[in-house]
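Everything in the sequence shown is counted per this note's numbering, starting at 2 for the first residue and increasing by one. Built from N, CA and C at the ideal position, the CB exists for glycine as well. These figures come from a predicted structure and were not determined experimentally.
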Amino acid sequence: MSSLNSDRPLSPHLQVYNLPMTARMSILHRASGVALSIGTIMVVWLLVAVAMGAEAYECYSWFVGTIIGKLMLFGWSAALFYHMCNGVRHMFWDMGYLFKLENAAKSGWLVLILAAVLTAFVWCPVAFGESEPVTEEVQACEKMCEGYDANETGFSGDRTCVQLCTEEGPCSLPHVTCTQAPEMIKAGEE
């Protein structure tokens, strides 16, 4: 029995073996399907939070605003775009196209690049957009500054009416007296 095993070659270990592009894409397609299934929990949570009211939605918004929440949503959206693009690739295969080895590898790279571009397109506004929420104070200041242009009313420096109002308070506005400010703020909140 030992003579049978002595001359046989050993198969290469997975760390040494170089998987072809189609095998890598297949494994990644399955992994993205699992990630989509797990990420659906976040979507269900959103729908339930919206149905339950402001308090539940605030809890969801808080979690999504954390680093872990953003990473989970980023991973879910990346998996969604990869799975979608690779699904289109599989549809071409079902029609009999792109079966040659060089075409399969090129289409695999195209899927990866397209998924990365779509993910970046969705997440660039999140990463580089305005991150501060509009507060009630800013809304009240916007209401008080309606119809006023920074150049017309002579605001200090290069600040707009809303910037001056939120930074120094409504009493600092040239068109508002301190006795008017509380009423205007109250009217702006309504």
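Histidine 91 versus Thr23, Ala57 and Ser78, residue with shortest Cα-Cα distance
In terms of CA proximity to histidine 91, Thr23 leads the group Thr23, Ala57 and Ser78.
Would you be able to state if there are at least three C-beta pairs under 8 Å between the region 93 to 105 and the region 30 to 48?
no
Does histidine 14 come out as helix, strand or coil in the three-state DSSP assignment?
coil
If you draw a straight line from the C-alpha of asparagine 152 to the C-alpha of cysteine 86, how long is it?
Residue placement at asparagine 152 is flagged as unreliable, the pLDDT there being 46, under the threshold of 50; the coordinate-derived value follows with that caveat. Here the C-alpha atom of asparagine 152 lies approximately 51 Å from the C-alpha atom of cysteine 86.
Top-ranked residue by Cα proximity to glycine 76, from Ser108, Cys146, Val123 and Ser27:
Val123
Start and end residues, alpha helix (DSSP H) containing phenylalanine 100
That residue, phenylalanine 100, is in no alpha helix (DSSP H); it is neither H nor E in DSSP.
Rounded to whole angstroms, what is the Cα-Cα separation between serine 38 and arginine 9?
Cα atoms of serine 38 and arginine 9: separation of roughly 43 Å, rounded to the nearest angstrom.
Beta-carbon proximity of leucine 119 to phenylalanine 82, cut-off 8 Å
yes
Identity of the residue in Ala141, Val127 and Cys146 nearest valine 65 by Cα
Val127
Rounded to whole angstroms, what is the Cα-Cα separation between tyrosine 58 and lysine 71?
16 Å
Taking only the alpha-carbon atoms, compute the straight-line gap between tryptophan 94 and glycine 34 and give it to the nearest angstrom.
19 Å
For serine 12, count neighbouring Cβ atoms within 10 angstroms of its own Cβ and tell me buried if that reaches 16, exposed if not.
Exposed, because fewer than 16 other Cβ atoms sit within 10 Å of the Cβ of serine 12.
What are the complete beta strand (DSSP E) segments, minimum 3 residues, inside the region 40 to 111?
none
Answer with buried or exposed for glycine 109, where buried requires no fewer than 16 other C-beta atoms within 10 angstroms of its C-beta.
It counts as buried.
Is it true that the CB of tyrosine 61 sits closer than 8 Å to the CB of leucine 47?
yes
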